[in-house]
Every structure is written in structure tokens, then in C-alpha cells.
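S.K.:
Shown next, in the form of C-alpha cells:
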């Protein structure tokens, strides 16, 4: 019983099936474990035994499963095959999540898709093997300079070793870089050198390309290949997502806009009466100086003294913004509004139909709120981060 309690706490679950080999013999839920004091006793003393289990066959319709959950006032139903072979478990929470998050990105098995970033360091092979073994859906060979031999060789090596795993290479800012990564086998590329709010690469190194220009150049280079590109960085408003798509991006990657949300890492801090969350660039001294930090992403020695690291990012704080759900809702609404204004019926159409116009500084000023004091902030328009 002690092992089951430790497992449920570590994994954040409320119940586990009990099997003998592959044969289901019972189930233990949080109700069985509540107030239990004999922690060294076997689970058979508290579990629901096989003769009292509520089970369904694989492929059972949703109505049947929901009916059993309601009839027996339970939250879990085991999916079994011949001879009570365990095939899976369906919970009431599964149905609730499917209802609450119908647009969640899931694989063919119904599990959330998960991506992971790797670098080009000495331990990358071990990390790739472990991630693939854990079932990762996509690997990102993620460095500050994607048009380099180390990144190109790593993309090629991962694709040769695991041809069925999707691989994204980056970050890049030119069409030539995109072509090199695609030739190496990349299934997608990530565009962005210095557009992030906490990135100082363009100032420290003097290198980079304005994000819209970089996205447009890479999109043109990849037009015949069909390989998608991700616009990474520089997204401050929902309209920026629309502009990135029109420039040729298939999707965007967002950091700073989500940094102040409840779901982001870090604790809420109170400063001068307002709530904030800490936010730092991966090129900052704090991020690179950690054990297993991000120094390899910027091709710097992880064993270097902090004073000798050359940062390409800063550490700061952003206003606390509440739940991520509300922000994503506003971003989706803004993109849909852009599609409506431009007469684009789909994202693919939006990538080719609308046209850009040049704007002066006066035009940009005119585009924002002006000549008025904001008395009540809108959920999708903030003048401060």
C-alpha cells in the first residue's frame, strides 16, 4: 500500500489497476487509500477485486462508458480483453478534459503531443535516446545559431537514427540556412535571431534579421519544399501572429507573452503593490550559469566562471497575467478577426492572400491607442509588459 501511495503522489494520479502479469485482478483508487494506516499491507487487502470490477471491451462507445460511470457512481472504468488482459483505463476526467479542451493537440492514441529541445553538446545522443524512448513526438535541435555545422550534423544524425521522429532545426534567419537544414532532413525550421523581448543578440553580437523580413525570406526559400516554418519571438499582440502567418509562418512560438501566466515557471512576486513573475532569456547569465544550463545553446563553456560568460539575454520581471487560458482565447480571437478582415477562410489561404503595406512611425503611433487615458485595460491590449 505504501508503494501505491508513493506512486499516486509522484505521478499525480488518483488510482491504479492491479495486475498479475497481464491479467487484471483489481483496482486501487484514492477512496481505498484514504485513512489507511496499515501501509505495509498488500494492496489486495484494500483493492476492488476482479469479481466486483466494472469493465468494458476495447472500442466501447462513449455512451456505454458514461452510462457505466453514472450507474455505478464510479470515476474509472478498466478496458480489458480476453482473460481480463488489461488494455487501458478510462476516467471521468478524460471525458471532462475532452469537453473542456476540444482543440488540444493529441496523437493517434489520444495522448497530448510533447516536444523536447536538445542541443549539440556531448550528452546529446543520450538525451535523444532517452526522449525517443519516453515517446516524444518532436525533437527540436535548438541553438542560437541554427546555420552551423553542429546543428546541421545533429539534425541529419537524429533523422538517420530515428527516421520516424519529427525533427525541427533552428534558430535561423536566412533562406540559405533553411535550405541547409531541409537538406539535412529537418521536418521544420525555427526562425528568429534576436526578436525576443529578453534577447540582446542583435546588440551584443550585431547579428540578426528583423523578424518579418526573416520569416518572409525563409518562407520563400521553403516554398517548393513544403517544409513548415515556425516564427519564434517578437509576438506582443495577437495581430503579430497574423502578420507572421501572412509573412509565411505556419505557426508561432511564444515566450514573453506567456511568461506572466499562472502556468509559467516561477513564483508570483509582489513589487510596489503589483504582482510580477520573473522572466529571463536563455542567453542570460542566470540561465547559462546553472548546472545543465543553456550555455551550449550559445556555444559557450558550461564550466566557465560566471564573470567570463558573454550573455545574449537579460533577467527581468513581467506583470502577472492570470490564467493562460484567457490569453490563448484572446490570441485565437485576434487571429480569427484578421482572417475575417482579409477574407481568408483558412490559415493556408491567409499565408498567401493578404498583402503587406509600408508604415511610417506616424502610422504605427496612429495604430495604437492615442489621445486618451485608458481607464480600464482591455484583456488583449496592454501598454506595459
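Residue numbers (the working numbering): 3 to 387.
Each residue gets a CB set at the ideal place from its N, CA and C atoms; glycine is no exception.
Since this is a predicted model, take the numbers as computed values, not measurements.
Would you call residue 31 buried or exposed, if buried means 16 or more other Cβ atoms sit within 10 Å of its Cβ?
M.R.: buried
S.K.: Measure from the alpha carbon of residue 312 to the alpha carbon of each residue in 203, 275, 246 and 341, then state which is nearest.
M.R.: 203
S.K.: Quick check on residue 159: does DSSP put it in helix, strand or coil?
M.R.: helix
S.K.: Residue 117 lies in the beta strand (DSSP E); which residues open and close that run?
M.R.: Its beta strand (DSSP E) spans residues 117-120.
S.K.: Which word fits residue 171, buried or exposed, when buried means at least 16 other C-beta atoms lie within 10 angstroms of its C-beta?
M.R.: buried
S.K.: May I ask you to report which of helix, strand or coil DSSP gives residue 65?
M.R.: helix
S.K.: Keeping to the same chain, check which residues put their C-beta closer than 7 Å to that of residue 444; ignore five residues upstream and five downstream.
M.R.: There is no way to answer for residue 444, as the model of the chain reaches only from 3 to 387.
S.K.: How many Å lie between residue 364 and residue 378 at the Cα?
M.R.: C-alpha separation (whole angstroms): 25 Å.
S.K.: Assess contact between the region 252-267 and the region 194-213, defined as three or more Cβ pairs (one per stretch) separated by less than 8 Å. Is contact present?
M.R.: yes
S.K.: From residue 383 to residue 265, what does the alpha carbon distance come to, in whole angstroms?
M.R.: 20 Å
S.K.: Return the chain-ordered list of same chain residues with a C-beta closer than 6 Å to the C-beta of residue 158, the five sequence neighbours on each side being excluded.
M.R.: Within the same chain, residue 158 has close Cβ partners 186 and 187.
S.K.: Exposed or buried, which one is residue 329 when buried takes at least 16 other CB atoms within 10 Å?
M.R.: Burial call: buried.
S.K.: Work out the CA separation of residue 128 and residue 162 for me, nearest whole Å.
M.R.: 15 Å
S.K.: Is DSSP giving residue 274 helix, strand or coil here?
M.R.: Coil, per DSSP.
S.K.: For residue 108, which beta-bridge partners are listed by DSSP?
M.R.: 114
S.K.: State yes or no: is the C-beta of residue 71 within less than 8 Å of the C-beta of residue 77?
M.R.: yes
S.K.: How many Å lie between residue 320 and residue 7 at the Cα?
M.R.: 38 Å
S.K.: Looking at residue 183: is its Cβ nearer than 8 Å to the Cβ of residue 236?
M.R.: no
S.K.: Find out if the Cβ-Cβ distance for the pair residue 120, residue 126 is shorter than 8 Å.
M.R.: Contact: yes.
S.K.: Along the chain, which unbroken stretches of the beta strand (DSSP E) at least 3 residues long are found entirely within the region 133-191?
M.R.: Within the region 133-191, the complete beta strand (DSSP E) segments at least 3 residues long are 140-144 and 168-174, listed from N- to C-terminus.
S.K.: Just confirm the distance between the C-beta atoms of residue 180 and residue 217, as a whole number of angstroms; I'd bet it's less than 8 Å.
M.R.: In fact, because the Cβ distance is near 11 Å, the residues do not count as touching under 8 Å.
S.K.: On the three-pair Cβ rule with 8 Å, is the region 238-246 touching the region 330-340?
M.R.: By the Cβ rule, the region 238-246 counts as touching the region 330-340, because three or more pairs are nearer than 8 Å.
S.K.: Specify, as a first and last residue, the run of the alpha helix (DSSP H) that residue 342 falls within.
M.R.: 326-344
S.K.: Cβ of residue 315 within 8 Å of Cβ of residue 280?
M.R.: No, they are not a contact pair.
S.K.: By a C-beta neighbour count over all protein chains shown, 10 Å radius and 16 as the cutoff for buried, is residue 354 buried or exposed?
M.R.: exposed
S.K.: Could you check how far apart the C-beta atoms of residue 3 and residue 48 are, in whole angstroms? I think they sit under 8 Å.
M.R.: 6 Å between Cβ atoms; contact.
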